[in-house]
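Colleague: Quick note, the sequence shown lines up with residues 1298 to 1774 if you use this note's numbering. Ideal Cβ placement from N, Cα and C applies to all residues, glycine included. My structure is below; once you've seen it, I'll send some questions.
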Amino acid sequence: MVFFYSLMQFSLAMAYVRGKKQKTAEKPAVFDGHYVPKVTIQLPMFNEMYVAERIIEETAKIDYPREQFEIQVLDDSTDETKDIIAKKVAEIAAQGINIKHIHRVDRTGYKAGALDAAMDQVEGEFIAIFDADFMPSVDFLKKTIPYFEDPKIGVVQTRWGHINKDYSLLTELQAFGLDGHFSVEQSGRTAANHFINFNGTAGVWRKETIYSAGGWEHDTLTEDLDLSYRAQMKGWKFKYLEDVVSPAELPITVSALKNQQHRWMKGGAECFKKMWKRLLFAKDVRFTDKLHGISHLFNSSVFLFIMTMSLLSIVVLQIKDSFQDLNFVIQFGSFFIISTVLLFVYYWVGYRGKTENKIKSFFSYTWMFFKYLTIIMGLTLNNTVAVLEGYFGIKSSFVRTPKFNVNSKSDFQGNKYDKKKISLLTILEGVLMVIFGFTAINRAIYGDLGMVPFHAMMAIGYGVIFFNGVKELKYKG
């Protein structure tokens, strides 16, 4: 399954390359003032005391005719964020901007519930959505709304940028991974006319599309992926704009990253469980779209196979000397090598387009790729637990990804939203670090080097996640 995932990603990289060649002839839609539909911008948030003011201020700066523009702050906060928002909304409203503060006491459905509850108050024909950690550009609407002149377009999604990419190695590696998704995967799916997804933020929906697809549902943690597939199976087209960037703040702590990954992975599994049969038997959907769509929904589940493969590899290594017939199992390691090569090409395709010195950047890219792969391996346990919860229907709350509005490490004074107690998951990550580390060293000593690189990467990945998780405890509360 890991090989199949890598193969599908590689095919998207090739579609991206072909699409790049054709894209030069495509002219971007231009805002010329003749098509000015009313737009509602929704800002869903929950306990975002560090960034609430910033997103409201940045949204109010968007350049669009004021009579055709409204802002809804969808606030589920239970702390002082509610008062911060109320004060800022009053300040913005005094400037003549149509802005509403919609506060819910009951968090039913979490983010999806907040979006759904506000639908009957939406004045706009189109709905732009931004999470609290984003900073929309002044010309965001002028770069996205013109595409809706095509009545078949239901969603316009922009590429995420990164405000704090250089904050630390952790943020740098997150940016690397997200750039691969937004530059290659989303663009590749678009170029091949496969289904893509609204990424939960930094995009615009046609209100009619939301209603026709059945509205926001909150039976998964990734309501954006769920609604995206339901809408596209209804025949709506999605437009992805790689060249329109919406900057956002990356998680700066391992605990925040793990929360985000848990939500994305669990939600992906929930969506696969919910949607795969509908997609497989959907009429008027091409076979290739079904294949790539099911693969897309199944993406998070690849961690189940990485977890299984990594644990079995240790067992097989310990007993293969006594049972020579099991040596063939080790040969399956070649699939890991091939998968790594395919993913290497996938990320390189997106990376090379953003650099000028291709030779120099190739070496820096190679180092970055293996650092990224190592950290991803360190998240395997966290993500596997999330996927299993999704498949077994274990419900959990929508755990927000804390953001802090910081640009340097000296700005970070701690996170009042995190717990001080070390979790069982973190302890198990430490145990796995020791197990994989011991295995790698032991096999290296005896000259059995076949699986040493894999086990070393697993040990280092778990080590980075474990030690950073423990280190962050002193900054919490």
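Have a look at Trp-1561 and Val-1682 and give me their C-alpha separation to the nearest angstrom.
Modeller: So the alpha carbons of these two residues sit roughly 12 Å apart.
Colleague: Note down the Cα distance separating Ile-1259 from Val-1542, rounded to an integer number of angstroms.
Modeller: Residue coverage of the chain in this structure runs from 1298 to 1774, which leaves residue 1259 outside it and unanswerable.
Colleague: Candidates Lys-1397, Gly-1485, Arg-1697 and Thr-1468: which alpha carbon is nearest His-1559's?
Modeller: Among Lys-1397, Gly-1485, Arg-1697 and Thr-1468, the Cα nearest to that of His-1559 belongs to Arg-1697.
Colleague: Buried or exposed: Thr-1405, going by 16 or more other Cβ atoms within 10 Å of its Cβ?
Modeller: exposed
Colleague: Can you name, in chain order, every residue of its own chain whose Cβ lies under 6 Å from the Cβ of Asn-1680, other than the five neighbours on each side?
Modeller: Gln-1558, Met-1562 and Phe-1600
Colleague: Hey, how far is the Cα of Met-1305 from the Cα of Asn-1596?
Modeller: 10 Å
Colleague: Would you tell me roughly how many angstroms separate the C-alpha atoms of Ser-1480 and Phe-1366, rounded to the nearest one?
Modeller: 30 Å
Colleague: Identify the residues that DSSP records as bridge partners of Arg-1456: which are they?
Modeller: Val-1542
Colleague: Does the contact criterion of 3 or more C-beta pairs under 8 Å hold for the segment 1481 to 1496 versus the segment 1513 to 1527?
Modeller: yes
Colleague: In this structure, what does DSSP give as the bridge partners for Tyr-1537?
Modeller: Partner(s): Gln-1454.
Colleague: If you scan the segment 1346 to 1381 from start to end, which runs of the beta strand (DSSP E) of 3 or more residues do you find wholly inside it?
Modeller: 1366 to 1372
Colleague: Let me know the alpha helix (DSSP H) ranges lying completely inside the segment 1537 to 1614, each 4 residues or longer, listed in chain order.
Modeller: Correct list: 1551 to 1577 and 1584 to 1595.
Colleague: With DSSP run on the structure shown, which of helix, strand or coil describes Ala-1425?
Modeller: Three-state DSSP puts Ala-1425 in a strand.
Colleague: Nearest to Ala-1349 by alpha carbon, out of Tyr-1759, Asp-1586, Val-1370 and Trp-1513?
Modeller: Val-1370
Colleague: Near Met-1606, which residues of its chain fall below 6 Å by C-beta distance, leaving aside the five closest residues on each side in sequence?
Modeller: Same-chain partners within the cutoff: there are none.
Colleague: Among the residues of its own chain, which have a CB less than 7 Å from the CB of Ile-1719, if the five just before and after it don't count?
Modeller: Val-1767 and Leu-1770
Colleague: Do you know how far the Cα of Val-1582 is from the Cα of Phe-1423?
Modeller: 26 Å
Colleague: Which word fits Gly-1532, buried or exposed, when buried means at least 16 other C-beta atoms lie within 10 angstroms of its C-beta?
Modeller: Under this definition Gly-1532 is an exposed residue.
Colleague: Span of the beta strand (DSSP E) holding Gln-1339?
Modeller: 1336 to 1342
Colleague: Please give the ranges of any alpha helix (DSSP H) in the segment 1389 to 1443, keeping only runs that are unbroken, at least 4 residues long and fully inside the region.
Modeller: 1407 to 1414 and 1437 to 1441
Colleague: Under 8 Å, with one C-beta from each stretch per pair, do the segment 1497 to 1516 and the segment 1386 to 1395 reach the 3-pair mark?
Modeller: no
Colleague: Just confirm the distance between the C-beta atoms of Thr-1671 and Ile-1757, as a whole number of angstroms; I'd bet it's less than 8 Å.
Modeller: 5 Å
Colleague: How would you label Asp-1403, buried or exposed, when you count the other beta carbons within 10 angstroms and need 16 or more for buried?
Modeller: exposed
Colleague: Under the three-state reduction of DSSP, which class applies to Trp-1513: helix, strand or coil?
Modeller: coil
Colleague: Can you find the residues in the same chain that come closer than 6 Å, C-beta to C-beta, to Met-1796, ignoring five residues on each side of it along the sequence?
Modeller: A query on residue 1796 cannot be resolved here, the shown segment of the chain reaching from 1298 to 1774 and no further.
Colleague: Just mark Glu-1505 as buried or exposed, buried being the case when its beta carbon has 16 or more other beta carbons within 10 Å.
Modeller: exposed
Colleague: If you draw a straight line from the C-alpha of Gln-1454 to the C-alpha of Lys-1534, how long is it?
Modeller: Taking the CA atoms as reference points, Gln-1454 sits about 11 Å from Lys-1534.
Colleague: Relative to the ligand FAD, is the shortest distance from any of its heavy atoms to the C-beta of Gly-1410 smaller than 7 Å?
Modeller: This structure lacks the ligand FAD; in fact it carries no ligand of any kind.
Colleague: To the nearest angstrom, report how far apart Met-1298 and Gln-1483 are at their CA atoms.
Modeller: Taking the straight line from one Cα to the other gives about 21 Å.
Colleague: Would Asp-1373 be called buried (16 or more neighbouring beta carbons within 10 Å of its own) or exposed?
Modeller: buried
Colleague: Is the number of C-beta pairs between the segment 1632 to 1651 and the segment 1465 to 1479 that are closer than 8 Å three or more?
Modeller: yes
Colleague: Which two residues bound the contiguous beta strand (DSSP E) that contains Arg-1486?
Modeller: No beta strand (DSSP E) contains Arg-1486, which is instead part of the alpha helix (DSSP H) from 1483 to 1488.
Colleague: In this structure, how does DSSP classify Gly-1500 when only helix, strand and coil are distinguished?
Modeller: strand
Colleague: Just tell me which of Ile-1738, Asp-1516 and Asp-1447 has its CA closest to the CA of Lys-1536.
Modeller: Asp-1447
Colleague: Per the contact definition of three or more C-beta pairs closer than 8 Å, is the segment 1326 to 1341 in contact with the segment 1656 to 1670?
Modeller: no
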